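As they're listed, the protein sequences go chains U and B. Sequential numbering from 7 applies to the first sequence in the working numbering. Sequential numbering from 21 applies to the second sequence in the working numbering. In what follows, a single structure is set out as structure tokens and then discussed.
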Amino acid sequence: GENVEQHPSTLSVQEGDSAVIKCTYSDSASNYFPWYKQELGKRPQLIIDIRSNVGEKKDQRIAVTLNKTAKHFSLHITETQPEDSAVYFCAASIGSGGSNYKLTFGKGTLLTVNP
Amino acid sequence: DSGVTQTPKHLITATGQRVTLRCSPRSGDLSVYWYQQSLDQGLQFLIQYYNGEERAKGNILERFSAQQFPDLHSELNLSSLELGDSALYFCASSPTSGSTYEQYFGPGTRLTVT
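Okay, structure coming up:
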């Protein structure tokens, strides 16, 4: 089955700096890669996603890049703010037709943005 | 608010007992997924239902079962509970169309087994 590795497990940055989180996946059939942000005790919240037919996607201060050949994808957060502090999870899935299938998650990255 | 609802928010029970967790998907979503989140295992997929039928199974224990009803709400049944079953249980739902793959998570049920 699919295996998703995520690094680093913790990341501490100064406010205004950039943060990068990297993930690799094992199943070449995976074609959908979402990123979730989870604050303590709350639900995972979808912040951005990318499909395998796209190499990069950006939404304001966050961007995701995908390298299908190398089977890795990354989350980039620019101009970090204290409210960006949370655990970030990458995931991989196979989407087909009108539905997708199970998400396989990485272990998460605890991002701390210091004021 | 994702539009996915889960009840109860918290559940405290004893080992050996049985509990039922309930999930209502977003309006119109036919797919429901259950995930377990624990400190040592992270977020793990348990099972998926699509329009009332089981579609995929993950690392779900035999003591656990689920179903999706005609009104599309889903229930996850956990029996013969053990201390290690203490975790956050999330359900998620997914739009049903040819071009959307997003899964939206509910607020979760925190299960504590004592």
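Ideal Cβ positions, reconstructed from N, Cα and C, are used throughout, including at glycine. This structure is a prediction, so every number in the text was calculated from the model and none was measured.
Just reading off the beta strand (DSSP E) that residue i is part of, what are its end residues?
{"i": "Gly62(B)", "result": "Gly62 to Tyr70"}
{"i": "Tyr31(U)", "result": "Ala25 to Tyr31"}
{"i": "Lys64(U)", "result": "Glu62 to Asp65"}
{"i": "Thr86(U)", "result": "That residue, Thr86(U), is in no beta strand (DSSP E); it is neither H nor E in DSSP."}
{"i": "Asp55(U)", "result": "Gln51 to Arg57"}
{"i": "Asn73(U)", "result": "Ile68 to Asn73"}
{"i": "Arg42(B)", "result": "Val39 to Ser44"}
Please determine, among the options, the residue with the shortest C-alpha to C-alpha distance to residue i.
{"i": "Val93(U)", "options": "Trp41(U), Thr71(U), Ser24(U) and Pro121(U)", "result": "Trp41(U)"}
{"i": "Ala35(U)", "options": "Lys113(U), Thr86(U), Lys77(U) and Phe111(U)", "result": "Lys77(U)"}
{"i": "Leu103(B)", "options": "Arg83(B), Thr132(B) and Ser114(B)", "result": "Thr132(B)"}
{"i": "Arg130(B)", "options": "Ile80(B), Glu122(B) and Asp105(B)", "result": "Asp105(B)"}
{"i": "Ser24(U)", "options": "Ser80(U), Cys96(U), Tyr107(U) and Ala97(U)", "result": "Ser80(U)"}
{"i": "Glu74(B)", "options": "Tyr121(B), Phe89(B), Gly128(B) and Gly126(B)", "result": "Phe89(B)"}
{"i": "Glu11(U)", "options": "Glu85(U), Thr30(U) and Gln66(U)", "result": "Thr30(U)"}
{"i": "Ser99(U)", "options": "Leu52(U), Val19(U), Ile27(U) and Asp33(U)", "result": "Asp33(U)"}
{"i": "Pro127(B)", "options": "Leu59(B), Pro45(B) and Tyr70(B)", "result": "Pro45(B)"}
{"i": "Pro14(U)", "options": "Cys96(U), Phe39(U) and Glu8(U)", "result": "Cys96(U)"}
Take the Cβ of residue i as the centre, count every other Cβ of all protein chains shown within 10 Å, and call the residue buried at 16 or more, exposed below.
{"i": "Leu46(U)", "result": "exposed"}
{"i": "Ala107(B)", "result": "buried"}
{"i": "Val60(U)", "result": "exposed"}
{"i": "Gln61(B)", "result": "exposed"}
{"i": "Arg38(B)", "result": "exposed"}
{"i": "Ile32(B)", "result": "exposed"}
{"i": "Pro121(U)", "result": "exposed"}
{"i": "Glu85(U)", "result": "exposed"}
{"i": "Thr3(U)", "result": "Not covered by the structure: residue 3(U). The range shown for chain U is 7 to 121."}
{"i": "Pro50(U)", "result": "buried"}
If you measure beta-carbon to beta-carbon, which residues of the region 12–34 of chain U are closer than 9 Å to chain B?
-> none
Could you please tell me which residues of the region 65–87 of chain B, in chain order, have their CB closer than 7 Å to any CB of chain U?
-> Phe65, Gln68, Tyr70, Ala76 and Gly78
Residues of the region 58–75 of chain U whose Cβ lies closer than 7 Å to any Cβ of chain B, in chain order = none
Check each residue of the region 52–63 of chain B: if its Cβ is closer than 9 Å to any Cβ of chain U, include it; give the result in chain order.
-> Tyr53, Tyr55, Gln57, Gly62 and Leu63
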